[in-house]
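Read through the structure below, which is laid out as structure tokens, and then see the notes.
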Amino acid sequence: MDQVKFCPTAPSWHKSSYSIADTNCVEVAEGFTTAVRDTQNRELGHLSFAVTEWTALVDSLKSLG
């Protein structure tokens, strides 16, 4: 079930504009996949989403208001 994907370049992470200093900080890196990680716990890794999955998630969250 676990998959390892080759990433030819280091991801370029950026912090969400909705992040609050010292709490609830999220970073996103976009490329062949979209990666999401906790800014305060970077060593724990990240979650990767296919572009279509990420778009569906963001659209769903936007519809919640």
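Residue numbers (the UniProt record's numbering): 1 to 65.
Ideal Cβ placement from N, Cα and C applies to all residues, glycine included.
Buried or exposed (CB count within 10 angstroms, at least 16 for buried), residue i
i, result
"SER48", "buried"
"ALA21", "exposed"
"ALA35", "buried"
"ARG42", "exposed"
Distance between beta carbons of residue j and residue i, contact taken as under 8 Å
i, j, result
"SER17", "VAL26", "Contact flag wrong, Cβ pair sits at about 10 Å."
"ALA29", "TRP13", "5 Å"
"ARG37", "GLY45", "7 Å"
Identity of the residues DSSP links to residue i by a beta bridge
i, result
"residue 87", "As shown, the chain starts at 1 and ends at 65. That puts residue 87 outside it, with no answer to give."
"THR38", "The sequence shown places Asp at residue 38, rather than the Thr named in the question. Bridge partners of ASP38: VAL26."
Alpha carbon of residue i to alpha carbon of residue j, nearest angstrom
i, j, result
"THR33", "GLY65", "25 Å"
"PRO11", "SER63", "28 Å"
"LEU57", "VAL51", "10 Å"
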